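Q:
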Amino acid sequence: MNMAIISALAIWGLGWFVNARLAASHAAQNPAVRLLVPAIFGLTLLIMWEMLVRMLGISPIILPAPSAIADRFGNSLPMLWADFEQTIIKGAMTGYIIGAVCAFGVAILADRSDFLTRGILPVGGFMAALPIVGIAPIFVKWLGSDWQSKAAVVAVMVFFPILVNIVAGLRDTSAMQRDLMRTYGAGYWQTLFKLRLPAAMPFIFNGLKIATTLALIGAIVAEFFGSPTVGMGFRISTSVGRLALDMVWAEIVVAAIAGSTIYGAVAWIEGRVTFWHPSQRK
Amino acid sequence: MKSLVPILTIVGAILLIWVLAVVPMNMHLTADQAQRDGLAVSPETPAERQGYSGLGLSIANPALVGLTYTLDRPRLPSPHQVAGEMWETIALRNITSRQSLVYHGWVTLSATLLGFAIGTTLGILLAVGIVHNRAMDMSVMPWAIASQTIPILALAPMIIVMMGSIGIQGLLPKAVISAYLSFFPVVVGMVKGLRSPDAMQMDLLRTYYASSAQAFWKLRLPASLPYLFASFKIGISAALVGAIVAELPTGARAGFGARMLVGDQYGQPLVTWAALFAAAITAAVLVGLFAAMERLTLRRMGMAQA
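Chains A and B supply the protein sequences, listed in that same order.
Counting with this note's numbering, you get residues 393 to 674 for the letters of the first sequence.
Counting with this note's numbering, you get residues 4 to 309 for the letters of the second sequence.
#1: Secondary structure at valine 25 (chain B), three-state DSSP: helix, strand or coil?
#2: Exposed or buried, what is glycine 466 (chain A) when buried is set at 16 or more other beta-carbons lying within 10 Å of its beta-carbon?
#3: What first and last residue would you give for the alpha helix (DSSP H) that runs through serine 168 (chain B)?
#4: What whole-angstrom Cβ distance do glycine 238 (chain B) and methionine 193 (chain B) have, given they're in contact under 8 Å?
#5: Taking the continuous alpha helix (DSSP H) assigned at threonine 565 (chain A), which residues delimit it?
#6: Let me make sure I understand the geometry here. Which of B:Ala182, B:Phe259, B:Arg198, B:Arg76 has the alpha-carbon closest to that of tyrosine 230 (chain B)?
#7: Out of A:Ile403, A:Ala567, A:Ile654, point me to the one whose CA is closest to methionine 440 (chain A)'s CA.
#8: Helix, strand or coil: how does DSSP classify proline 82 (chain B) here?
#9: Quick check on tryptophan 534 (chain A) - is its C-beta less than 8 Å from some C-beta in chain B?
#10: Can you grab the Cα-Cα spacing for the pair tryptophan 641 (chain A) / proline 80 (chain B), in whole Å?
#11: Please confirm whether arginine 426 (chain A) has its beta-carbon closer than 8 Å to some beta-carbon of chain B.
#12: Would you call the CB atoms of valine 532 (chain A) and alanine 614 (chain A) closer than 8 Å?
#13: Can you find a C-beta in chain A that's less than 8 Å from the C-beta of asparagine 89 (chain B)?
#14: DSSP state of glutamine 151 (chain B), grouped into three classes?
#15: Do you know how far the Cα of alanine 281 (chain B) is from the Cα of tryptophan 109 (chain B)?
#16: In the structure shown, what three-state DSSP assignment does asparagine 97 (chain B) receive?
#17: Does the count of Cβ pairs from the stretch 39-47 of chain B and the stretch 490-499 of chain A closer than 8 Å reach three?
#18: Go ahead and pull the three-state DSSP assignment for tyrosine 212 (chain B).
#19: Quick check on the burial criterion: 16 or more other C-beta atoms within 10 angstroms. Buried or exposed for phenylalanine 345 (chain B)?
#20: Would threonine 275 (chain B) pass as a contact of isoleucine 461 (chain A) if the rule is Cβ separation under 8 Å?
#21: Closest to phenylalanine 232 (chain B) by C-alpha separation, out of B:Gln217, B:His31, B:Ala294, would be which residue?
#22: Where in the stretch 197-242 of chain B do unbroken runs of the alpha helix (DSSP H), each at least 4 residues long, occur, reported from the N-terminal end onward?
#23: Check each residue of the stretch 511-529 of chain A: if its Cβ is closer than 7 Å to any Cβ of chain B, include it; give the result in chain order.
#24: Residue ranges of each alpha helix (DSSP H) run of no fewer than 4 residues wholly in the stretch 617-661 of chain A, ordered along the chain?
#25: Tell me the DSSP secondary structure of threonine 73 (chain B) in three-state form.
#26: Closer than 9 Å between beta carbons: that is the criterion. Which residues of the stretch 120-147 of chain B meet it against chain A?
#27: Measure the alpha-carbon distance for methionine 304 (chain B) versus alanine 216 (chain B) and round it to whole angstroms.
#28: CB serine 142 (chain B) to CB valine 189 (chain B), shorter than 8 Å?
#29: Any beta carbon from chain B within less than 8 Å of proline 458 (chain A)'s own beta carbon?
#30: With a floor of 4 residues, list each alpha helix (DSSP H) that falls wholly inside the stretch 422-496 of chain A, ordered by position along the chain.
#31: My output table needs one value for proline 46 (chain B): the three-state DSSP class, helix, strand or coil.
#32: Closest by CA to glycine 487 (chain A), which one among A:Thr604, A:Ile596, A:Val658?
#33: Anyone know if the C-beta pair for alanine 502 (chain A) and isoleucine 512 (chain A) falls short of 8 Å?
#34: I think glycine 526 (chain A) touches methionine 263 (chain B), with their Cβ atoms under 8 Å apart; what is that distance to the nearest whole Å?
#35: If we ignore side chains and look at the alpha-carbon of each, how far apart do leucine 448 (chain A) and alanine 647 (chain A) end up?
#36: Examine chain D for any beta-carbon lying closer than 8 Å to the beta-carbon of alanine 416 (chain A), and answer yes or no.
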């Protein structure tokens, strides 16, 4: 027992010592070192986890070792892929796209009227703070337990943050810029496409980025309320029931990879679209 | 206050759409019920009615439209039914009764608040460490930022089981989930806030020969408050969602999440809807409370944005 804790602390100390030296050294500005330091930190935690689980003999129904999780991950790739397809691609992505398109449509419609914009901003902001994921049981009842109900939950969840950001973004041009467009004789639509939409892009992408995580949460949590026998939320809740925690962790690894990949993809597109914005300068 | 009329218009429009949607959503159920009660229904067998959309059936049976608002177990309850159910379970029941939404609300709220307190305290401490220690900044910060892109809520069912199998049950597992959901937004916001004083302000303190502790208490901490409050507002609603979701997959017997599940499993949509709205109101009150505190604090400090 003591041995285990002492050696875990030794690993921690070692990892910390290396990181402290790296952070204090001249190489700290080097991009490779900036990646290396968090990687060492993560690795230190993983090794400590593995050691403590093995040396203390912690039961796998409480906390499986990282090696056991990796093993399970490697052995269940087809199943994990099917779950990924069901939950992320069919549920989350479909809902995300529907929600984003609807938000865009409503924002453009409301944009013509200052009255509506002033109503939509506070109401949308308010809705975005609510626990919307609670509508999942209702949608599962209405649309059945397959991916359609998950897509609907996701669409409602992502709708409000995206809507608020688009509406706020469309208001983000100065009177001077709009006057310039008017002196050019530009109509409403020309001003919209050539000035106001491009100016709104940083806001829009902010909303889209917030919504990626929400979409995954919605799709996974909605499956806790009923799903076909495939899907990440289904797998998590049934594996928890069977105390197969290595499977749960494997699904969480998939969720983490999917989440950061989708977020990264949106951020990459943002970099392409808003290359002119100060925040994108290298 | 000049936004009040537009806000009410939007809310009114949403309510109107809801009220109108009740008719087609409930029409099939209403028609079945009406037939059992011996009323005339235009396509006479349920099988024929399946071929109609809700809207088509409503047009074929205008006499039944009023009845769609009075079903006991509607597909879509109308606003007045939800309001009635909420009034009954909030105001008319003894608050210690299992029927009372106040009781269930307190179960969820206590876990939320405990978890939020733990999560924000740890988050602020970690942020202070990150700002003052370069190694900590470089090791931890990328993970804290990455955690924002991951659906960490998916860990919830496992935490309940994990803590259950080492004998911890009840409030604490839910609070742990609320804590880690509110933890990361607070870390990220607080680090940004503690770093918000610009180089000129830090230089001024250096010319005063201020120690780093003095710089922290007199400049960094006050400057971080707007960021902290923004994180609080995100954190508290995340904590509430965490506590509700924590009640779902484990068959908890009390709490908003449990009420939603009960309504779902026993075919009582009004229970689900009332719990959903009560949870939404709770979230709104919590966020509103922090917004009010934010306004008050920032105004006292002369930082209120116009």
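All residues carry an ideal CB built from backbone N, CA and C; glycine is no exception.
Quick caveat, the model's predicted, so the values are computed rather than measured.
A: From the atom records:
#1: helix
#2: Glycine 466 (chain A) is exposed by the Cβ-count criterion.
#3: From DSSP, the alpha helix (DSSP H) with serine 168 (chain B) extends over 159-168.
#4: Not quite, the Cβ-Cβ distance comes to about 10 Å (not below 8 Å), so this is no contact.
#5: Run containing threonine 565 (chain A): none; DSSP gives neither H nor E here.
#6: B:Arg198
#7: A:Ile403
#8: Here proline 82 (chain B) sits in helix by DSSP.
#9: yes
#10: 39 Å
#11: yes
#12: yes
#13: Checking the sequence shown, residue 89 (chain B) turns out to be methionine, not asparagine. Output row for methionine 89 (chain B): interface = no.
#14: Coil at glutamine 151 (chain B), not helix or strand.
#15: 11 Å
#16: Residue state, collapsed to three classes: coil.
#17: Touching, no.
#18: coil
#19: Nothing can be reported for residue 345 (chain B): it is not among the residues displayed for chain B, which extend from 4 to 309.
#20: no
#21: Minimum Cα distance to phenylalanine 232 (chain B) is reached at B:Ala294.
#22: 202-210, 215-218
#23: Gly511, Ile512, Pro514, Val515, Phe518, Ala521, Leu522, Pro523, Val525, Gly526, Ile527, Pro529
#24: Runs of the alpha helix (DSSP H) inside the stretch 617-661 of chain A: 624-633.
#25: coil
#26: Asn136, Arg137, Ala138, Met139, Asp140, Met141, Ser142, Val143, Met144, Pro145, Trp146
#27: Their backbone Cα atoms lie some 20 Å apart in a straight line.
#28: no
#29: no
#30: 423-447, 458-467, 469-476
#31: coil
#32: A:Thr604
#33: yes
#34: 6 Å
#35: 29 Å
#36: You won't find chain D in this structure, because its protein chains are A and B.
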